[in-house]
Amino acid sequence: MTRNALIFASFILVFTFACAPGPGAGKSKDVKTPHKKALGKKGKDKGRLLIGVYECLSCHSLNGQGAKDGVCLDNLDRSREFLIEHILDPETHVERNPKSYGNQPNVMPSYQLSRKEAADIADYLIALRREKHAAKKTRDK
Ligand code: HEC
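When you read off a place in the sequence shown, starting at 1, and then add 67, the result is the number in my numbering.
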């Protein structure tokens with residue numbers, strides 16, 4: 068072997084080791100889709116974004132935005148479970164609770180959401196209701 072070939076060979080060796088994936092490679096913590104990042108960490112933040120993604124405000128109003136004549140979602144006096152059930156399967160929910168909907172047939176489409184997604188939306192709506200109540204209390208003082 069010539070001297071040059073030796074130097075070349077040692078370079079290859081060094082690079083092979085330097086670039087070889089170390090322990091923990093493949094479990095990278097930085098690989099997050101932008102979508103996941105945008106959704107934030109808290110469930111209710113995801114819920115807020117999902118309402119935008121699914122264009123719920125084409126029928127509903129929320130925080131003064133969206134359809135003016137739609138059912139307002141700001142201040143729903145409903146339990147968490149009630150909201151989740153409605154968001155998951157509006158048709159069945161309206162059928163089972165006719166009085167809660169003035170005996171009107173269901174209009175809202177079903178979005179095939181996961182229970183987690185529906186719960187995130189419900190948590191956002193409940194957080195919003197709490198905010199409104201807190202704001203009202205301060206005003207009334
Ligand atoms: C096509 C119009 C339309 C769209 C789009 C729509 N909704 Fe509705 N939503 C309604 C109507 C009308 C009702 C009243 C009951 C029914 O028809 O299901 C309702 C009821 C609700 C209720 C229950 C309110 C209560 O007091 O019981 C919730 C919660 C709700 N919608 C959330 C959403 C969310 C979240 C989305 C988006 C994922 C959405 N809606 C999209 C029309 C719509």
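Even glycine gets a Cβ: it sits at the ideal position worked out from N, Cα and C.
Excluding five sequence neighbours on each side, which residues of the same chain lie with their C-beta closer than 7 angstroms to the C-beta of residue i?
i	result
Lys-199	Asp-141, Asn-142
Arg-206	none
With DSSP collapsed to three states, give me the class of residue i.
i	result
Leu-150	helix
Ser-128	strand
Gly-137	coil
Glu-198	helix
Asp-144	coil
Asp-156	coil
Pro-176	coil
Tyr-121	coil
Lys-208	coil
Gly-114	helix
Lys-109	coil
Ser-167	helix
Take the Cβ of residue i as the centre, count every other Cβ of all protein chains shown within 10 Å, and call the residue buried at 16 or more, exposed below.
i	result
Glu-122	exposed
Asp-156	buried
Any heavy atom of the ligand HEC closer than 8 angstroms to the Cβ of residue i?
i	result
Glu-148	no
Arg-229	Residue 229 falls outside the range modelled here, since the chain spans only 68 to 208, and no answer is possible.
Ala-189	yes
Asn-173	yes
Ile-154	yes
Tell me which same chain residues have a C-beta within less than 6 angstroms of the C-beta of residue i, skipping the five on either side of it?
i	result
Lys-204	none
Ile-151	Ala-185, Ala-186, Ala-189
Do residue i and residue j have their C-beta atoms closer together than 9 angstroms?
i	j	result
Gly-137	Cys-126	yes
Ile-193	Tyr-178	no
Cys-139	Ser-146	no
Tyr-168	Ile-118	no
Leu-124	Gly-110	no
Phe-149	Asn-164	yes
For residue i, collect the residues of the same chain with a Cβ closer than 8 angstroms to its Cβ; drop the 5 residues on either side in sequence, then sort them by chain order.
i	result
Pro-172	Val-161
Leu-195	Leu-129, Asn-130, Leu-140, Asp-141, Asn-142
Arg-182	Ile-151, Leu-155
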